[in-house]
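Enquirer:
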Amino acid sequence: MSHTAPGLPAVAETLLARLDPLTAGVTARIRAEVGFYVVSDDVPDASLAESVRDNLRLILRALIAGEPPDLAAAHATGRERAVQSAPLPEVLAAFRIGFGGLWAAIAAEARATGAIGDATLVDMVAGVWQLAGDVADAMTAAYRDAVAEMMLRDEHRRSVLVEALLSGEIDQRSLWETAHALRLPVEGRFVVVAAATPEPGGEALPGIASRLAASDIRSAWRLQPHQQVGVLALPAPATVDGVLTVLRRANARAGVSPVYRTLRETPQALQFARLALRSLGDGEVAQFADTPLAVLLAAAPAEAGQVAARVLGPVLALEDRARLLDTLECWFGAGGSAAEAARRLFCHPNTVRYRLRRVEELTGRKLTDPAAVAELSAALQALRMLPGPLPDRDRIRWRHDEPR
1372 MSHTAPGLPA VAETLLARLD PLTAGVTARI RAEVGFYVVS DDVPDASLAE
1422 SVRDNLRLIL RALIAGEPPD LAAAHATGRE RAVQSAPLPE VLAAFRIGFG
1472 GLWAAIAAEA RATGAIGDAT LVDMVAGVWQ LAGDVADAMT AAYRDAVAEM
1522 MLRDEHRRSV LVEALLSGEI DQRSLWETAH ALRLPVEGRF VVVAAATPEP
1572 GGEALPGIAS RLAASDIRSA WRLQPHQQVG VLALPAPATV DGVLTVLRRA
1622 NARAGVSPVY RTLRETPQAL QFARLALRSL GDGEVAQFAD TPLAVLLAAA
1672 PAEAGQVAAR VLGPVLALED RARLLDTLEC WFGAGGSAAE AARRLFCHPN
1722 TVRYRLRRVE ELTGRKLTDP AAVAELSAAL QALRMLPGPL PDRDRIRWRH
1772 DEPR
């Protein structure tokens, strides 16, 4: 390399003996000229001076030996600055000042002693700066590795804290600490999202946190074997409809809890989100119906499943059960109007009436009897929301998008 020119080792030896004043001058320039170091005390003076000294020493020793430098000091600087949250461009700016100061000192000493002529100095520039570039590259690689490690540790810690929040295994003091670590309020407006993963360990909603953050919605997520679960804090202007829109764009199957007011209620909200998820087909998104009946059914899932099987069992045994159940569902959604249900189903009102009569005959419950209507409505909600030993349940398709 051209930096091994005759006379250079002697110049480097001299500067190595003057390392302390050289270090002080470079450190002062960095403190005065690089924005981060001017306004921040995250990097103490002693830490900055030590890094400058170590990196100047490794370059000078490489120039003396005429061999590639030991890059340990550059690696140490990169990792330390990452831990200190110094922006990488600012760290590189500090390195440029250090290299510039070192080259100015080399040129001044060479001219003062006559050890190296000007022409030779010009020839040496590229080689010395290549050496400086190698040191900067080593620092940058170490910085990025350290950032990646810290992000991984932070993500693991956040995931563990989210799991504790979802499970309810957290006391009041820990709740405040967890909320602070997850950057969530303790009280406010929250929803839980449960999305089915495409495969065990795969993300159902890649990049969802940043997409929600664009709408000022803070969130914390936990990836489980078959679900990606998140706790979302809604700011005052945000609505659940906005959340549903973002989720639908992801083309994932996702259930959303009702809005709740304190993080302590997160475990119950997760149950509601999962109940909503169980009722959905591929790519569908829906919020749990926040009604007294739905809450009662969710509180006793086993009993609710038995109600659905007992009330609707004869209908579920039929090949055309989906058509009958869709019709009954639409009839409820239309407020008991056969004409409106027919419009939504794209069929004749008489067809709707015929199907409803079949439901009445099969279940032994008249739609003119308020008690029977209540039982059928409860059974439908249970069938839609809850898992259970119901025949071919996944083949039944529901019209969640129909207006209520």
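1372 is the number of the first residue of the sequence shown in my numbering; add one for each residue after it. Just so you know, even glycine gets a beta-carbon here, dropped at the ideal spot from N, CA and C.
L1431 to R1467, Cα distance in whole Å?
Expert: Take the alpha-carbon of L1431 and the one of R1467: they are about 16 Å apart.
Enquirer: Contact defined as beta carbons within less than 8 Å: I believe V1627 pairs with Q1595. What is the distance between those atoms, to the nearest angstrom?
Expert: Incorrect: roughly 17 Å between the Cβ atoms, too far for contact.
Enquirer: Does DSSP put A1575 in a helix, a strand or coil?
Expert: coil
Enquirer: In chain order, what residues of the same chain have a beta carbon less than 6 Å from the beta carbon of V1405, not counting five sequence neighbours either side?
Expert: E1461, A1464 and A1465
Enquirer: Can you give the Cα-Cα distance for D1653 and A1623, rounded to whole angstroms?
Expert: 7 Å
Enquirer: R1589 bridges to which residues according to DSSP?
Expert: Note: R1589 sits in a beta bridge opposite A1604.
Enquirer: If L1634 and L1536 are in contact, beta carbons under 8 Å, what's the gap, nearest whole angstrom?
Expert: 6 Å
Enquirer: Just to check my reading of the structure: Q1598 and A1565 have Cβ atoms closer than 8 Å, yes? What is that Cβ distance to the nearest angstrom?
Expert: At roughly 5 Å, the Cβ-Cβ gap stays under 8 Å, so Q1598 and A1565 are in contact.
Enquirer: How would you write the range of the beta strand (DSSP E) that E1558 sits in, first residue to last?
Expert: E1558 to A1567
Enquirer: By the three-class DSSP mapping on this structure, what secondary structure does L1523 have?
Expert: helix
Enquirer: Which first and last residues belong to the alpha helix (DSSP H) in which Q1595 is found?
Expert: Q1595 -> no alpha helix (DSSP H), and no H or E assigned at all.
Enquirer: For G1469 and R1528, what's the separation of their Cα atoms in angstroms?
Expert: Cα to Cα, G1469 sits roughly 37 Å from R1528.
Enquirer: What span of residues does the alpha helix (DSSP H) with T1722 cover, start to end?
Expert: Run containing T1722: P1720 to T1734, per the alpha helix (DSSP H) assignment.
Enquirer: Which class does G1449 belong to by DSSP, given the choice of helix, strand or coil?
Expert: helix
Enquirer: Mind checking which residues open and close the alpha helix (DSSP H) that includes A1399?
Expert: L1390 to E1404
Enquirer: Would you say L1427 and P1380 are within 8 Å of each other, going by their C-beta atoms?
Expert: When the beta-carbon positions are compared, L1427 and P1380 stay at least 8 Å from each other.
Enquirer: Which stretch, first to last residue, makes up the alpha helix (DSSP H) that contains A1705?
Expert: Neither: A1705 is in no alpha helix (DSSP H) and is coded neither H nor E.
Enquirer: A1705 and R1694: beta carbons closer than 8 Å?
Expert: no
Enquirer: Considering only DSSP beta bridges, list what T1633 is partnered with.
Expert: E1558
Enquirer: Helix or strand or just coil, what does DSSP make of G1684?
Expert: helix
Enquirer: What is the C-beta distance between L1683 and A1745, in whole angstroms, given that I count them as a contact (C-beta under 8 Å)?
Expert: Actually they are not in contact, since the Cβ atoms of L1683 and A1745 sit about 14 Å apart, beyond 8 Å.
Enquirer: Starting from G1471, trace the alpha helix (DSSP H) both ways and give me its first and last residue.
Expert: L1459 to T1484
Enquirer: Look at the alpha carbon of A1383 and the alpha carbon of A1497, and state the distance between them as a whole number of angstroms.
Expert: 17 Å
Enquirer: In the DSSP assignment, find the alpha helix (DSSP H) that holds Q1543 and state where it starts and stops.
Expert: Q1543 to L1553
Enquirer: Quick check on A1623: does DSSP put it in helix, strand or coil?
Expert: coil
Enquirer: Check each candidate in V1686, Q1752 and T1448 and name the one with the smallest Cα separation from D1516.
Expert: T1448
Enquirer: Does the separation of the CB atoms of V1630 and V1600 fall below 8 Å?
Expert: no
Enquirer: Quick one: Cα of A1580 to Cα of A1625, how far?
Expert: 15 Å
Enquirer: Would F1561 and A1644 be called neighbours here (beta carbons separated by less than 8 Å)?
Expert: no
Enquirer: Using 8 Å as the threshold, is the C-beta distance between P1685 and T1734 below it?
Expert: Yes, they are a contact pair.
Enquirer: Does P1725 pass the burial test, meaning 16 or more other C-beta atoms within 10 Å, or should it be called exposed?
Expert: With the sequence shown as reference, residue 1725 is identified as Tyr, and Pro is not the correct amino acid for it. Result: exposed.
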